[in-house]
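Asker: Below is the structure I would like to discuss, written out as C-alpha cells.
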Amino acid sequence: MSNGAGATRRPRVKYSIFSLARNALSHHEGWPRAWRSPPPKPRYDAVIVGGGGHGLATAYYLAKEHGLVNIAVLEKGYLGGGNTGRNTTIVRSNYHLDPNAHFYELSLKLWEGLSQDLNFNVMYSARGVLNLVHSPADMDAAMRRGNAMRLNGIDAEFLASDEIARRIPNLDCSPDARFPVLGGLLQPRGGTVRHDAVAWGYARAADARGVDIIQQCEVTGIRIENGAIAGVDTTQGFIATSKLGLAVAGNSSRLASMAGITLPIESHALQALVTEPVKPALDTVVTSGAVHFYISQSDRGELVMGGDLDFCNSYAQRGNLPVIEHVVSACLALFPSFGRLKVMRTWGGLCDMTMDGSPIVGALPVKGLTMTGGWCYGGFKATPASGWLHAYTMARGEPHPLNAAFTLERFARGETIDEKGAGPTPWAH
Amino acid sequence: MLLIPCPWCGPRAQVEFTYGGDATVKRPAIDAPVDAWAAFVYQRDNPAGPHDELWFHGAGCRQWFRVRRDTRTHEILDSAPPAGNSP
C-alpha cells in the first residue's frame, strides 16, 4: 500500500460472482483493503468535513461527475460512525412540498441504481413505506399528500383498511383497536437500505477515484483570508484548500461557528431501538404520524423502530427512557403480538433540527464554504441526492435547480419550506 | 430520565415538564432592523456545553423557569425562576 503520497490510484478489484469464486480458492485471504488510509497532504482542491454518507457521497460525485481528483474527506472518528450508522435505514420520497418532493425523488432514483453504480451491494429493498391513517383528518392529509406526490410523478397508492389487514397480518386492524386503521398511504418504491454499506460503498468508490479518506482527523478551526476559505486546522495539522464543504449534520452549528456563522439549527437527540431477531414477520416499513412511530424488520430479523426526538437540545448521542417507553407503547398498540419480544439495544444520534424542518444544501456566506446539513429526521434517505447536489454546488460555485430552494438565506427572506407547518420551533418538525 | 429541579416544586421527573427552548434569545425593539428580527426568530447559538433553556412545569405548578443544562452530558447545572419572579 502507498504511504499516502496521495493520489496513487489503485486498480479496483471489482466485486462480482467471479472475484468471489476466485478469492474462495485462496480462502478469502487475498482481498485487498477496500480503501486506503493515507496521511493528509498539505493542500487539496476540495476538502469535505465529515466521513459519513453525505461527505463520502459528496467526494464521490465531485470525482465522478465533476472530474476533481485532489479531494480529501476528513472524519473525526471512523467512517459512518455518526448518523449514517445510527438511523433506521428507511428511504422514501413521499413529500408534499415541491422542493422536498423533487429533492427526495432524485435521492430515491439514485438509491435504485446505487449498488450497480458503486459496485457495492447497499441492499436497497423496495419493500414499500406505508403511512397509516387513523382519523378523518389523517385521511384528508394523506389524500392531499398522495395526490401531490402523483402530480409530481412519484408513486403513491391509497390502501383501504381491509387491504392493509391482508398485507400486514400483525397489525391490529380490528374496529376496537386503540388506534383504528382507516387506511394508509403507500409508496411502493420506498423501503430500506443497509446503512453501513452506504458509507463503505461510497468510501470504496471515492477512494478508487483518488479521494483521500482521512479518519481520526478532527477539524479544530476554519481559516479565512480576505473573506475566502484558506484551509482548516485539524488534529493532524493544517490543510490548505479553497473549497470547503461541511457534511456534519448534528454538529453543523459547531463547524459553522468556526467560520463565524450562526445557523437556524438546534441539535437534538433522536433515539431508535431494535428487538431480538426473529423470523420474517414484517415485510413493509410501517409508520404512524398520529402516534409518531415507525417500524421495519432488518434482514437480520430485528424489528427496528423509532419515534419522537428527546425534545431538548442535546449533543450527547444518547437519549432518555421516556421516549423509549413511548415508542414501545406505540408499537404494542399497533402490533400487539410484538409484546413478547425483548428490546436488545437502544441508541441515539444527533439531528440538525432546522427552523422549518427542511435542510440547508448550498453556499454559506464565506467564499468557498458550502454545507449540506439541517436534515432533521430525513438525513439518511437524502444521502445520495445530498452528495450529488452538494458536489454540484461545490464544483460549479452555484446551486443546481434541485437545491436552489434549500438556502441559508430563505429564513431571513421568509421563504421557509415548512412541510409540517410547525413554524420556527425546531423540535416540533 | 432527567430529574429537573423546579424552583417552586423541587426535583421532579422529566415527564412532568415541557421544553421551551433557548432562554437567551431577546425580542428586539419594535423598530429594530429586519436582520435583528430574523436572528431573533431563526438563529440559535446551539452550544455544545452549558445551555440556558426554558422549561414549563405543566404537570405541577404550571410555571415557566430557566434551567442551565450541559448538552453534552445532560447534567443539570442550575435552575432559577424567570428574572423578577421569585418563588
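For the protein sequence lines, the chains are A and B, in the order given. Note that my numbering gives residue 206 to position 198 of the first sequence, counting from 1, and the numbers run on in steps of one. Note that my numbering gives residue 878 to position 73 of the second sequence, counting from 1, and the numbers run on in steps of one. In this text, a Cβ means the ideal position worked out from N, Cα and C, and glycines have one as well.
Please report the Cβ distance between lysine 251 of chain A and glycine 376 of chain A, rounded to the nearest whole angstrom; I am assuming they are in contact, meaning their Cβ atoms lie under 8 Å.
Answerer: Along the first sequence, one-based indexing puts residue 251 of chain A at 243. Along the first sequence, one-based indexing puts residue 376 of chain A at 368. About 5 Å separates the two Cβ atoms, so the contact holds.
Asker: Count the other CB atoms within 10 Å of the CB of threonine 878 of chain B; is the residue buried (16 or more) or exposed (fewer)?
Answerer: Here residue 878 of chain B is taken as the residue at index 73 of the second sequence, counted from 1. It counts as exposed.
Asker: DSSP three-state label for lysine 428 of chain A, please.
Answerer: As a first step, residue 428 of chain A must be located in the first sequence, where it is residue number 420. DSSP places lysine 428 of chain A in coil when its eight states are reduced to three.
Asker: Could you tell me the alpha carbon to alpha carbon distance between leucine 194 of chain A and asparagine 102 of chain A, rounded to whole angstroms?
Answerer: Position 186 of the first sequence, counted from the first residue, corresponds to residue 194 of chain A. Position 94 of the first sequence, counted from the first residue, corresponds to residue 102 of chain A. Cα-Cα distance, rounded: 9 Å.
Asker: Can you name the residues of chain B whose CB is closer than 8 Å to the CB of tryptophan 435 of chain A?
Answerer: On the first sequence, position 427 is the one that residue 435 of chain A refers to. Correct list: Tyr824, Gly826.
Asker: According to a CB-to-CB cut-off of less than 7 Å, which residues of the segment 310-322 of chain A neighbour chain B?
Answerer: Phe319, Cys320, Asn321, Ser322
Asker: Identify the continuous alpha helix (DSSP H) that holds proline 392 of chain A and give its terminal residues.
Answerer: Sequence index remark: in the first sequence, residue 392 of chain A carries index 384 (1-based). Per DSSP, proline 392 of chain A belongs to the alpha helix (DSSP H) from 387-404.
Asker: Along the segment 849-863 of chain B, what residues have a CB closer than 7 Å to any CB found in chain A?
Answerer: Arg849, Asp850, Asn851, Ala853, His856, Glu858
Asker: Looking only at its own chain, which residues have a Cβ that is under 6 Å from the Cβ of leucine 138 of chain A, when we skip the five neighbours before and after it?
Answerer: Taking the first sequence and counting its residues from 1, one reaches residue 138 of chain A at position 130. Closer than 6 Å at Cβ, skipping near neighbours: Gly192, Leu194, Thr292, Val294.
Asker: Does any CB atom of chain B fall closer than 9 Å to the CB of arginine 262 of chain A?
Answerer: Within the first sequence, numbered from 1, the residue matching residue 262 of chain A stands at position 254. Taking Cβ atoms only, chain B reaches closer than 9 Å to arginine 262 of chain A, which makes this a yes.
Asker: With a cut-off of 9 Å, does the C-beta of phenylalanine 419 of chain A fall near any C-beta of chain B?
Answerer: As a working mapping, residue 419 of chain A is identified with position 411 in the first sequence. Cβ-Cβ to chain B under 9 Å: yes for phenylalanine 419 of chain A.
Asker: Along the alpha helix (DSSP H) that carries valine 137 of chain A, what are the first and last residues, could you check?
Answerer: Along the first sequence, read from residue 1 onward, the residue named residue 137 of chain A stands at position 129. Looking at the DSSP string, valine 137 of chain A is not in any alpha helix (DSSP H); the run it does join, the beta strand (DSSP E), is 137-141.
Asker: In whole angstroms, what separates the C-alpha of arginine 30 of chain A from that of alanine 211 of chain A?
Answerer: Along the first sequence, one-based indexing puts residue 30 of chain A at 22. Along the first sequence, one-based indexing puts residue 211 of chain A at 203. Answer to the nearest angstrom: the Cα atoms are 24 Å apart.
Asker: Judging by CA-CA distance, which residue of A/Ala216, A/Ile237, A/Ile221, A/Asp241 is the nearest neighbour of threonine 228 of chain A?
Answerer: Counted from its first residue, the first sequence places residue 228 of chain A at position 220. When each option's Cα is compared against that of threonine 228 of chain A, the closest is A/Asp241.
Asker: With 9 Å set as the bound, which would you pick, yes or no: does the beta-carbon of arginine 877 of chain B sit closer than that to a beta-carbon of chain A?
Answerer: The residue given as residue 877 of chain B occupies position 72 in the second sequence. So yes, arginine 877 of chain B belongs to the interface.
Asker: For a contact meaning CB atoms closer than 7 Å, what does leucine 807 of chain B contact in chain A?
Answerer: Looking up residue 807 of chain B in the second sequence gives position 2. Within chain A, the residues near leucine 807 of chain B are Asn328.
Asker: List, from N- to C-terminal side, the alpha helix (DSSP H) runs of 4 residues or more that fit wholly inside the segment 177-258 of chain A.
Answerer: 203-216
Asker: Check the C-beta distance from valine 99 of chain A over to valine 201 of chain A and give it rounded, since I have them as a contact under 8 Å.
Answerer: In the first sequence, counting from the first residue as 1, residue 99 of chain A sits at position 91. In the first sequence, counting from the first residue as 1, residue 201 of chain A sits at position 193. 5 Å between Cβ atoms; contact.
Asker: From A/Met361, A/Phe246, A/Gly89, pick the residue whose C-alpha is nearest to that of proline 47 of chain A; which is it?
Answerer: For this step, residue 47 of chain A is matched to residue 39 along the first sequence. Ranked by Cα distance from proline 47 of chain A, the first of A/Met361, A/Phe246, A/Gly89 is A/Phe246.
Asker: Can the beta-carbon of leucine 271 of chain A be found less than 9 Å from the beta-carbon of leucine 416 of chain A?
Answerer: Within the first sequence, residue 271 of chain A is the residue found at index 263, counting from 1. Within the first sequence, residue 416 of chain A is the residue found at index 408, counting from 1. Cβ atoms of leucine 271 of chain A and leucine 416 of chain A: closer than 9 Å.
Asker: Going by the beta-carbon positions, is the gap between histidine 856 of chain B and arginine 874 of chain B smaller than 9 Å?
Answerer: Taking the first residue of the second sequence as 1, we reach residue 856 of chain B at position 51. Taking the first residue of the second sequence as 1, we reach residue 874 of chain B at position 69. Yes; because the gap between Cβ atoms is below 9 Å, this pair is in contact.
Asker: Under 9 Å, Cβ to Cβ, is there at least one residue of chain B near serine 265 of chain A?
Answerer: The residue given as residue 265 of chain A occupies position 257 in the first sequence. At least one CB of chain B lies nearer than 9 Å to the CB of serine 265 of chain A.
Asker: DSSP has arginine 874 of chain B in a bridge; who is on the other side?
Answerer: Here residue 874 of chain B is taken as the residue at index 69 of the second sequence, counted from 1. DSSP output for arginine 874 of chain B lists B/His856, B/Ile881 as bridge partner(s).
Asker: Scan the segment 266-329 of chain A and note each continuous beta strand (DSSP E) run of 3 residues or more that stays entirely inside, going in chain order.
Answerer: 273-283, 293-296, 301-305, 311-321
Asker: Are leucine 116 of chain A and glycine 209 of chain A touching if we call contact CB-CB under 9 Å?
Answerer: Locating residue 116 of chain A in the first sequence gives position 108, where the first residue counts as 1. Locating residue 209 of chain A in the first sequence gives position 201, where the first residue counts as 1. In this structure, glycine 209 of chain A does not lie closer than 9 Å to leucine 116 of chain A by Cβ.
Asker: DSSP beta-bridge partners for lysine 350 of chain A?
Answerer: Reading the first sequence from its first residue, position 342 is the one you call residue 350 of chain A. Looking at the DSSP assignment, lysine 350 of chain A forms no beta bridge with any residue, so it has no partner.
Asker: Just the C-alpha distance for glycine 14 of chain A and alanine 207 of chain A, rounded to the nearest angstrom, thanks.
Answerer: In the first sequence, residue 14 of chain A corresponds to position 6, counting from 1. In the first sequence, residue 207 of chain A corresponds to position 199, counting from 1. Only weak support exists for where glycine 14 of chain A lies, its pLDDT of 43 falling under 50; the coordinates are left without a value.
Asker: List the residues of chain B that alanine 324 of chain A touches, going by C-beta distances under 8 Å, in chain order.
Answerer: Within the first sequence, the letter at position 316 stands for residue 324 of chain A. Within chain B, the residues near alanine 324 of chain A are Thr876, Arg877, Thr878, His879.
Asker: Please report the distance separating the alpha-carbon of valine 839 of chain B from that of threonine 362 of chain A.
Answerer: Within the second sequence, numbered from 1, the residue matching residue 839 of chain B stands at position 34. Within the first sequence, numbered from 1, the residue matching residue 362 of chain A stands at position 354. Valine 839 of chain B and threonine 362 of chain A: Cα-Cα distance of roughly 20 Å.
Asker: For serine 133 of chain A, which three-state DSSP category applies?
Answerer: For the purposes of this step, residue 133 of chain A is taken as residue 125 along the first sequence, with counting starting at 1. Of the three classes helix, strand and coil, the one that applies to serine 133 of chain A here is strand, per DSSP.
Asker: Tell me where the beta strand (DSSP E) around proline 409 of chain A begins and ends.
Answerer: Position 401 of the first sequence, counted from the first residue, corresponds to residue 409 of chain A. No beta strand (DSSP E) contains proline 409 of chain A, which DSSP labels as neither H nor E.
Asker: Run down chain A in chain order and give the residues with a C-beta less than 8 Å from the C-beta of valine 820 of chain B.
Answerer: One-based indexing of the second sequence puts residue 820 of chain B at position 15. In chain order: Pro330.
Asker: With DSSP run on the structure shown, which of helix, strand or coil describes cysteine 339 of chain A?
Answerer: By one-based count along the first sequence, residue 339 of chain A stands at place 331. Reduced to three states, the DSSP call for cysteine 339 of chain A is helix.
Asker: Taking DSSP as the reference, what is the three-state secondary structure of alanine 864 of chain B?
Answerer: Your numbering for residue 864 of chain B matches position 59 in the second sequence. In this structure, alanine 864 of chain B counts as coil in the three-state DSSP scheme.
Asker: If you count every other CB in all the chains shown that lies within 10 Å of the CB of histidine 276 of chain A, and 16 or more means buried, which is it?
Answerer: In the first sequence, counting from the first residue as 1, residue 276 of chain A sits at position 268. Result: buried.
Asker: Does leucine 167 of chain A come out as helix, strand or coil in the three-state DSSP assignment?
Answerer: Stepping through the first sequence from its first residue, residue 167 of chain A is reached at position 159. Reduced to three states, the DSSP call for leucine 167 of chain A is strand.
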